[in-house]
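Counted the way our numbering counts, the sequence shown spans residues 3 to 149. Here a beta-carbon is modelled for each residue, glycine too, at the ideal position from N, C-alpha and C. No experiment lies behind these values; they were computed from the predicted model shown. Presented below is the structure to which this report refers.
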Amino acid sequence: MEQYQSLAKAIEGMKKPLIIIAGASMVLHLIILVTGIYIGKSNTKDAYTPFEACYHGMKALFNNGATEELFNSDVLKEVGDQKFKIESITLVKVFDSLNCDVVAKDDKGVRSFRVGLEKSTNFPHFHRIVDVKGQKIESSYQVEANL
Numbered sequence: 003m004e005q006y007q008s009l010a011k012a013i014e015g016m017k018k019p020l021i022i023i024a025g026a027s028m029v030l031h032l033i034i035l036v037t038g039i040y041i042g043k044s045n046t047k048d049a050y051t052p053f054e055a056c057y058h059g060m061k062a063l064f065n066n067g068a069t070e071e072l073f074n075s076d077v078l079k080e081v082g083d084q085k086f087k088i089e090s091i092t093l094v095k096v097f098d099s100l101n102c103d104v105v106a107k108d109d110k111g112v113r114s115f116r117v118g119l120e121k122s123t124n125f126p127h128f129h130r131i132v133d134v135k136g137q138k139i140e141s142s143y144q145v146e147a148n149l
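Rendered as structure tokens:
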């Protein structure tokens, strides 16, 4: 019986240091968690998929608000002071990770543009438009989307 009482006293003596160690461990884990969240939020970029890069980039171009965030400087020089009067983008079709078609409607009819992208982690949205070419409406999916 005496043996059990001495064991109980030993356990009682260890309770307080174990509680302090557990509390300190919990505080340390919370500090690490908050630091990780802070670092994670500060480094996140607004990454666009190729679809989003084509849509938002061409929408900015048509609204005469193209910036170097979404466009290569050569494209901005070519566009210059041109003004676009596009009513809406009716279709965006992605061919691969670096090419897409954008079909837009204006007061004269329907226009189609072939958009080339470049990808880099140095860009704010990971994708940037490097080439825009006007093209004929090539297939029925482009015409049917505009009816």
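Residue range of the beta strand (DSSP E) that includes residue i
i: K87; result: K87 -> no beta strand (DSSP E), and no H or E assigned at all.
DSSP beta-bridge partners of residue i
i: D98; result: N101
i: G118; result: N101 and D133
i: K159; result: What the structure shows of the chain is the stretch from 3 to 149, and residue 159 is not part of that stretch, so it cannot be assessed.
i: F73; result: I131
Where the alpha helix (DSSP H) through residue i begins and ends
i: K138; result: No alpha helix (DSSP H) holds K138; DSSP gives it neither H nor E.
i: F64; result: P52 to F64
Given residue i as reference, the closest of the options once Cα atoms are compared
i: G136; options: L119, P126 and V104; result: V104
i: F64; options: D83, D76, V96 and P52; result: D83
i: R116; options: E70, K138, L20 and A10; result: K138
i: S75; options: F125, I41 and I39; result: F125
i: F86; options: Q7, G118 and A62; result: A62
i: L100; options: S114, D133 and I91; result: D133
i: D98; options: L119, S90 and V81; result: L119
i: D109; options: K95, A10 and E89; result: E89
i: V112; options: K121, P19 and L93; result: L93
i: A55; options: L32, V29 and C102; result: C102
Supposed close pair residue i, residue j - CB separation, criterion 8 Å
i: F128; j: Y50; result: 6 Å
i: A68; j: I91; result: About 14 Å; that fails the 8 Å criterion.
i: F53; j: I131; result: The Cβ separation is near 13 Å, so there is no contact.
i: L78; j: E70; result: 7 Å
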